[in-house]
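*Asks:* 856 is the number of the first residue of the sequence shown in our numbering; add one for each residue after it. Mind having a look at this structure? Questions to follow.
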Amino acid sequence: MTLEVLYQDEWLIAINKPSGWLVHRSWLDRDEKVVVMQTVRDQIGQHVFTVHRLDRPTSGVLLMGLSSEVGHLLSRQFEQHQIQKRYHAVVRGWLEGEAVLDYPLVEELDKIADKFSRADKDPQPAVTHYKGLATVEMPLATGRYPTTRYGLVELEPQTGRKHQLRRHLSHLRHPIIGDSKHGDLRQNRAAAEHFGCNRLMLHASRLTLTHPVTGQPLIIDAGLDRVWMDALSHFGWRGHLPEIERVEFPEASGQDDDTQFD
C-alpha cells in the first residue's frame, strides 16, 4: 500500500492524500488501522510530523515535516496564513463569477471529541475566495426540474475553520456534491449513481509556500483521482484543470471512502 509522494527532500514531504483516509489515528474511529501518518512513516522509513489536516473525505496535498523543528516552522506558516491553499470542487447549481465570501462561522463541535468545549463561542471570522470555472446542465431529474445543474469551482480559503469550504458553499446554496453533512442528500445519491461521484468532490489541488529551511518558493500540485477524472469527462470539463488532470494513476490506495448517502 503506497501513497503518492508529490515532493520530498531532507526536511519535508508532501503526499497526495486519497479520499477516505484519516490523517492520523483517532479515538473517533478506533477500528481504523491504516492512516496516512503511519503509512508514510513506513513507506519512507522515518517519522513524520503533521502540520495541517484534511478532512477524511477530502483528497489532495498533505504536507508533513520530517523533524519536529521543521514541523513547527510549517505549522507556524499555516497559523500565520503564509501558505496559499487552492481547492477545487464540484457543486450543485451554477456558481459563476468570482468573489470573496466573508461569512463568520460558529465553531462546529464534535459530540465526542469536543464534549468539554464551550458551545457558546462567538462566530469566528471565515473568508473564502471563490471562482466559477465551468458549468453544465445534465438531463437528469433530481427534483422538480427535468435537468440538474453542476458547477466546477476553484476555492482559496483565507482562514482555516473546520469544514469552512463545505459550510461556505452550503451557505451560498451551492453545496459540494458528496457532502453528507452540509450537502443535498438527493443530489449526492443522483451524482453517485449516474456520474460515479461517490465521494466528497473536494480536492486540495495546490499548496504554495516558502520552504522553511531554504527560503525558496515551493509550489506543490496534487493530481486528480479516477473519480474526479471521470466526473470531468461526464460533465465535459476536461482541459479546465490542466495542471492536475491526468490519464495514469498511482496504484490503488486500498482503503474505502467513508462517504455515505443514507
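C-beta: ideal position from N, C-alpha, C; glycine also. Quantities reported herein were computed from a predicted structural model and do not represent experimental measurements.
Within the segment 898 to 948, note down every full beta strand (DSSP E) run reaching 3 residues or more, in order along the chain.
*Replies:* 914 to 920, 939 to 947
*Asks:* Does DSSP put T1122 in a helix, in a strand, or in coil?
*Replies:* This structure cannot speak to residue 1122, because the chain is shown only from 856 to 1117.
*Asks:* Within 8 Å, do at least three Cβ pairs link the segment 927 to 938 to the segment 1039 to 1048?
*Replies:* The segment 1039 to 1048 vs the segment 927 to 938: no contact.
*Asks:* Is DSSP giving L960 helix, strand or coil here?
*Replies:* strand
*Asks:* Would you tell me roughly how many angstroms separate the C-alpha atoms of H936 and E1100, rounded to the nearest one?
*Replies:* 27 Å
*Asks:* Identify which residue in P994, M892, L1057 has its Cα closest to the Cα of V837.
*Replies:* Nothing about residue 837 can be reported from this structure: the residues present for the chain run from 856 to 1117 only.
*Asks:* Verify whether the separation of the beta carbon atoms of L1055 and L1064 is less than 7 Å.
*Replies:* The Cβ atoms of L1055 and L1064 lie no closer than 7 Å to each other.
*Asks:* Would DSSP call D864 helix, strand or coil?
*Replies:* Assigned with DSSP and collapsed to three states, D864 falls in coil, not helix or strand.
*Asks:* Given a cut-off of 7 Å, decide if H1089 and L988 are closer than it, judged by their beta-carbon atoms.
*Replies:* no
*Asks:* Tell me where the beta strand (DSSP E) around D1085 begins and ends.
*Replies:* Unbroken run through D1085 is the alpha helix (DSSP H), 1081 to 1090; no beta strand (DSSP E).
*Asks:* In angstroms, rounded to a whole number, what distance separates the CA positions of R1004 and M993?
*Replies:* Distance from the CA atom of R1004 to the CA atom of M993, rounded to whole angstroms, is 6 Å.
*Asks:* Just tell me which of P1097, L1010, G1015 has its CA closest to the CA of R941.
*Replies:* L1010
*Asks:* Considering only residues of the segment 1004 to 1054, which uninterrupted alpha helix (DSSP H) runs meet the minimum length of 4 residues and lie entirely inside it, listed in chain order?
*Replies:* 1019 to 1026, 1040 to 1050
*Asks:* Do G900 and the ligand ZN come close, with the Cβ less than 6 Å from some heavy atom?
*Replies:* You won't find the ligand ZN in this model; it holds no ligand whatsoever.
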